[in-house]
Amino acid sequence: MRIAVLIVLTTVLAMPASAQDTALHDPSISRDAQDGVIRLYGAGGPHTAIRKVADVWTKETGRKVEITAGPEKTWSKKAQGDADVIWGTSEQAMTAFLETYKGFSSDQVEPIYLRPAVITVKAGNPKGIMKFEDLLAEGTKIVVTEGAGVANTSGTGVWEDIAGRLGRLEDVAAFRSNIVAFEQGSGASLKAFKALDADAWITWPNWPLSNPDTLEAVPLSSDRAIWRDLSVALAPDADPEAKAFLDYLISDEAQKIMSREGWVR
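Read left to right, the sequence shown gives residues -19 to -1, 1 to 246 (mature numbering (1 follows the signal peptide of the UniProt record, and there is no 0)).
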């Protein structure tokens, strides 16, 4: 008896990126960015270093800088109305932001810093994790940050890039079997790392550097290293002083401050 199998291929024509809307986009919000305050919005992580730079700049110029960081849904509506600058913690994260914040466009995006992914462990490194291969041992508990298709986070895909870097499927499989939590954001990942008493967390240098009492970084070898950038986008209708602050953010003085939390140019 012959069984015929009919495979139907449906071609879906995607709308141009500029025409797409995200769940967070609200076309009813009107913008008023030129209010005398330089306002920056983005994901948590870079905000601690950016805030330190802003404090120095404010002291020198007297101009106020307001930095809002955290999960996008907590600040999205406000940012659509008054953001002078949006920062992205990876290129894919910035590209996603541009689908929501229609006042910004891709040609306004400027990558300004880089940092490498690291293995973060408990302070003192009780498990003795020294390299990526140590994470493949059976029973190792790993937390990763992953957008899961519903959240915008710099960690999306990073663990897979690291595990698959040498082209060995067995590395990806062994690593994945040790993941105990896929969290939608670095803040959530930190909470899970502690709550689950995990052994390792794939994240960025600023987290262990900002939490030295509880966290410690183990660098990845050069053949496993994955880097993501910090980028900024300046709104066309931004407060006039916003560009001056972005220029200062990559100044020699600012680079010294940023480097203390793992950001390099």
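Idealized CB from N, CA, C, for every residue including glycine.
Which of the three DSSP states, helix, strand or coil, is assigned to residue i?
{"i": "F29", "result": "Strictly speaking, residue 29 in this sequence is Thr, with Phe absent from that position. If DSSP states are grouped into helix, strand and coil, T29 belongs with the helices."}
{"i": "D210", "result": "strand"}
{"i": "L147", "result": "coil"}
{"i": "Y229", "result": "helix"}
{"i": "F85", "result": "coil"}
{"i": "V34", "result": "helix"}
{"i": "V18", "result": "coil"}
{"i": "T49", "result": "strand"}
{"i": "R241", "result": "coil"}
{"i": "K108", "result": "coil"}
{"i": "residue 286", "result": "What the structure shows of the chain is the stretch from -19 to 246, and residue 286 is not part of that stretch, so it cannot be assessed."}
{"i": "residue 275", "result": "Outside the shown range of the chain, which is -19 to 246, sits residue 275, and nothing can be said about it."}
{"i": "T134", "result": "coil"}
{"i": "R157", "result": "helix"}
{"i": "A173", "result": "helix"}
{"i": "G43", "result": "coil"}
{"i": "W185", "result": "coil"}
{"i": "G62", "result": "helix"}
{"i": "A162", "result": "strand"}
Anyone know if the C-beta pair for residue i and residue j falls short of 8 Å?
{"i": "P221", "j": "V99", "result": "no"}
{"i": "A14", "j": "A64", "result": "yes"}
{"i": "T49", "j": "W188", "result": "no"}
{"i": "K122", "j": "V153", "result": "no"}
{"i": "G62", "j": "I10", "result": "yes"}
{"i": "N159", "j": "L116", "result": "yes"}
{"i": "E242", "j": "L190", "result": "yes"}
{"i": "L75", "j": "A214", "result": "Correcting the residue identity first, residue 75 is Met in this sequence and not Leu. In contact: M75 and A214 (Cβ atoms closer than 8 Å)."}
{"i": "T184", "j": "G136", "result": "yes"}
{"i": "D142", "j": "I231", "result": "no"}
{"i": "G25", "j": "G51", "result": "yes"}
{"i": "Y94", "j": "R205", "result": "no"}
Could you check the C-alpha separation between residue i and residue j for me, to the nearest Å?
{"i": "Y229", "j": "I67", "result": "16 Å"}
{"i": "R96", "j": "T126", "result": "16 Å"}
{"i": "D88", "j": "S71", "result": "16 Å"}
{"i": "N133", "j": "W56", "result": "13 Å"}
{"i": "Q165", "j": "G23", "result": "15 Å"}
{"i": "A219", "j": "L171", "result": "34 Å"}
{"i": "A118", "j": "R157", "result": "11 Å"}
{"i": "E53", "j": "W244", "result": "22 Å"}
{"i": "L201", "j": "L79", "result": "31 Å"}
{"i": "A198", "j": "F226", "result": "31 Å"}
{"i": "D7", "j": "S167", "result": "26 Å"}
{"i": "A35", "j": "P92", "result": "18 Å"}
{"i": "G128", "j": "A169", "result": "11 Å"}
{"i": "S203", "j": "W140", "result": "15 Å"}
{"i": "L147", "j": "R32", "result": "37 Å"}
{"i": "F113", "j": "H28", "result": "28 Å"}
{"i": "L150", "j": "V124", "result": "20 Å"}
{"i": "A216", "j": "W38", "result": "20 Å"}
{"i": "Q111", "j": "G145", "result": "In the sequence under discussion, the amino acid at residue 111 is Met, which differs from the Gln named in the question. About 19 Å."}
{"i": "K58", "j": "L21", "result": "13 Å"}
{"i": "A77", "j": "F163", "result": "20 Å"}
{"i": "R209", "j": "D233", "result": "21 Å"}
{"i": "G17", "j": "G109", "result": "51 Å"}
{"i": "K175", "j": "G120", "result": "17 Å"}
{"i": "K45", "j": "R12", "result": "19 Å"}
Meets three-Cβ-pair contact criterion under 8 Å: the stretch 102 to 113 and the stretch 173 to 186: With the cut-off at 8 Å, the stretch 102 to 113 and the stretch 173 to 186 touch.
I'd like to know if the stretch 77 to 86 and the stretch 231 to 240 are in contact, where contact means that at least 3 CB-CB pairs between them fall below 8 Å. The stretch 77 to 86 is not in contact with the stretch 231 to 240.
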